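So the structure is just underneath, and the comments pick up after that.
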Amino acid sequence: SALPVAPKKEKEDVQFAKKYLENFYDFKEEKHSLFKAKDLSLMADKIREMQSFFGLKVTGELNHETMDMMKQPRCGIPDIRS
Amino acid sequence: YSTFPHSPTWQKEDVTYRILNYTPDMLQADVEEAIARAFQLWSSVTPLKFTRVYGGQADIMISFAAGFHGDFYSFDGPGGTLAHAYPPSSGIGGDAHFDEDENWTKFTTYGGYNLFLVAAHELGHSLGLSHSNVFGALMYPIYMARDTRDYQLHQDDIDGIQALYGPPRESSTLPTKPFPTQEPTETIPAEAPTQMSPREEPTETTPFKPPQRPEDCDPHLTFDAITTLRGETLFFKDSYVWRKSPYFSEIEHDTIFSFWPSLIAGFDAAYEVDKRDRVLFFKDDQYWAVSGYNIEPGFPKPIHSLGFPTSVRKIDAAVHDQNTKRTYFFVGHKYWSFNENTHSMERGYPRKIAADFPGIGYPIDAALQKNGYFYFFRGSNQYEVDIKRKKLIRIMKSNSWFNC
């Protein structure tokens, strides 16, 4: 695996993570959802799925190592599909 | 391993492929060889045969493209997504696309992506495998720079593809081992043979064979140098690197060449100045500074520029104390203290190792600072020393970090 990278800004990270989970973990953001909390919960589920797939600590949070893993160069095929 | 929904496969053993275009990053012949080698990985463990065609429709169409290229998965510029491929079916099924915005290379280097490795992964998709979460498997979705000179499929990959196509036929005329790669003698630094006895100088007929990597739990395992690097711990022996990451329990095996191809194997010492994201490697009377993959310009530099007397020809080990910002250099039975803030050797040195670090002996092979302790490695033993009290706490096997 690549050498670890330097830390990044949080907001960018969230956007990056959303795109990553959409591309590779079948995450569908409900663009006009009235319930922000529901959206976040859905995303946390997908983060957990990704963390479990890569053997990371399953926290549902966008922590340092999860973001690092998302930033690694990789194949464009999804890791899971509905 | 995993397959695509409904496990699509090619309903035949003879599969054709066509290379539609090339990347300007590599010689056309190197692109063709990388792809042929990738196919050979899979044909060597299945009954499948791959034939290249030069026109018309092939089962697997291979192309390089950047950004939007006519399917639903646009590429994203350098890094990120490197390539993708489609499971077996007619039309786009089986096709493999490579992101032209990447820097494709024939060998594993830093800043480039080994086309053979990525192609072998994507062809796994072209044959029906999806991603595997087995770390180290070829079908693991993350690109892992590794030495591909004698690359073998992971058992998980073999289990997956044979679940789809079965094992190779007995009478198969194909070799069961991948054909030997072109030894990259032209790219290995001429100094590399220093690892071999003069009798084994590489000649046209004697391929260069690096020493085998010792087993992780070999009780006699010793190290040349050890350093931390952005939270990981790297153990060096000859050209091999053992990487211990706080994120994964497994030890990863790499080579110095795969990260820093221009550096000579067989370091004497290494240490990290964490606040500057900088690691220094020492070999003989020279030293290099790297930041991640990048070797800082102006290196190598002579070790005497650090303040050693000319009588010092090489150093045995080095360790940086993050709290005091001092780096200790060990040479024979003495050690020096270097102030990283003032970039100068401290007065009153060298001192005797035995005076300040009783019980650890010398010479020292490698040194590491972790969790408030120094670890001094001598042969197959390591000595844990409380940094503040400079008191020997315990003696362990050098490879105790490898979960042996």
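One line per chain: the protein sequences are A and B, in this order. Heads up, the first sequence is in our numbering, so the first residue is 526 and it goes up one at a time. Heads up, the second sequence is in our numbering, so the first residue is 99 and it goes up one at a time. We treat Cβ as the ideally placed atom computed from N, Cα and C, and that holds for glycine. Every value quoted in this text rests on a predicted model; they were computed, and no experiment measured them.
8 Å Cβ cutoff, residue i in contact with chain A
| i | result |
| --- | --- |
| F214(B) | no |
| S105(B) | no |
| K275(B) | Low confidence applies to K275(B): its pLDDT is 37, below 50, so where it sits in the model is not reliable, and the reading given next is rough at best. Taking Cβ atoms only, chain A never reaches closer than 8 Å to K275(B), which makes this a no. |
| S161(B) | no |
| N231(B) | yes |
| F346(B) | yes |
| Y171(B) | yes |
| I491(B) | no |
| Y211(B) | yes |
| P239(B) | yes |
| H418(B) | no |
| H223(B) | yes |
| H431(B) | no |
| T121(B) | no |
Buried versus exposed, by CB contacts within 10 Å (16 or more), residue i
| i | result |
| --- | --- |
| K275(B) | At K275(B) the pLDDT is 37, less than 50, meaning the model places this residue with poor confidence; the figure from the coordinates comes in the next sentence. Looking at its Cβ environment, which holds fewer than 16 other Cβ atoms inside 10 Å, K275(B) is exposed. |
| P456(B) | exposed |
| V377(B) | buried |
| Q576(A) | buried |
| H104(B) | exposed |
| K110(B) | exposed |
| Y152(B) | exposed |
| T285(B) | Unreliable positioning characterises T285(B) in this predicted model, as indicated by a pLDDT of 35, which lies under 50. The coordinate reading is nonetheless provided below. Looking at its Cβ environment, which holds fewer than 16 other Cβ atoms inside 10 Å, T285(B) is exposed. |
| R599(A) | buried |
| L466(B) | buried |
| E482(B) | buried |
| Y115(B) | buried |
| V539(A) | exposed |
| T292(B) | In this prediction, T292(B) scores a pLDDT of 33, lower than 50, which makes its location untrustworthy; the coordinate-derived value is nonetheless stated afterwards. T292(B) comes out exposed. |
| P239(B) | buried |
Assumed close pair residue i, residue j - CB separation to whole angstroms, cut-off 8 Å
| i | j | result |
| --- | --- | --- |
| Y90(B) | Q597(A) | Outside the displayed range of chain B (99 to 502) lies residue 90(B), so it cannot be described from this structure. |
| F475(B) | F321(B) | 5 Å |
| L225(B) | P265(B) | Not really, about 14 Å apart at Cβ, beyond 8 Å. |
| I401(B) | Q420(B) | Wrong, their Cβ atoms sit about 22 Å apart, outside the cutoff. |
| F406(B) | W434(B) | 7 Å |
| H431(B) | Y391(B) | Going by Cβ atoms, the distance from H431(B) to Y391(B) rounds to 36 Å, so no, they are not a contact pair. |
| Y99(B) | D254(B) | 5 Å |
| G335(B) | P359(B) | Before going further, note that residue 335(B) is Lys rather than Gly in the sequence given. In fact, because the Cβ distance is near 18 Å, the residues do not count as touching under 8 Å. |
First and last residue of the uninterrupted beta strand (DSSP E) at residue i
| i | result |
| --- | --- |
| H195(B) | A194 to D197 |
| D150(B) | Note on residue identity: the sequence assigns Arg, not Asp, to residue 150(B). K147 to R150 is the extent of the beta strand (DSSP E) around R150(B). |
| L378(B) | R376 to K381 |
| N479(B) | N479 to D484 |
| N469(B) | Premise fails: N469(B) is in no beta strand (DSSP E) and is neither H nor E. |
| L118(B) | Taken as a continuous stretch (DSSP letters only), L118(B) belongs to no beta strand (DSSP E), as it is neither H nor E. |
C-beta neighbour in chain B for residue i, strict 8 Å
| i | result |
| --- | --- |
| I572(A) | no |
| E590(A) | yes |
| F552(A) | no |
| Q576(A) | no |
| D604(A) | yes |
| Q597(A) | yes |
| L581(A) | yes |
| G585(A) | no |
Extent of the continuous alpha helix (DSSP H) run through residue i
| i | result |
| --- | --- |
| T135(B) | Reading off the sequence, residue 135(B) comes out as Arg, not Thr. Unbroken alpha helix (DSSP H) run through R135(B): Q126 to S141. |
| L221(B) | L213 to S224 |
| M592(A) | H589 to M595 |
| E547(A) | E535 to Y550 |
Residue i beta carbon near the ligand PLP (any heavy atom closer than 7 Å)
| i | result |
| --- | --- |
| M592(A) | As presented, the structure is devoid of all ligands, the ligand PLP included, so that no description of it is given. |
Within-8 Å CB hit, residue i to chain C
| i | result |
| --- | --- |
| S228(B) | The displayed structure is made up of protein chains A and B, and chain C is not among them. |
TODO: Determine, using beta-carbon pairs with one atom in the segment 181 to 190 of chain B and one in the segment 214 to 226 of chain B, whether at least three such pairs fall under 8 Å.
DONE: yes
Task: Contact the segment 540 to 554 of chain A vs the segment 187 to 198 of chain B: 3+ CB pairs below 8 Å - done: Result no; under three Cβ-Cβ pairs closer than 8 Å.
Task: the segment 358 to 375 of chain B / the segment 412 to 428 of chain B touching (three or more Cβ pairs under 8 Å) - done: yes
- [ ] Specify whether the segment 245 to 259 of chain B and the segment 118 to 128 of chain B touch according to this definition: at least 3 beta carbon pairs, one from each stretch, less than 8 Å apart.
- [x] no
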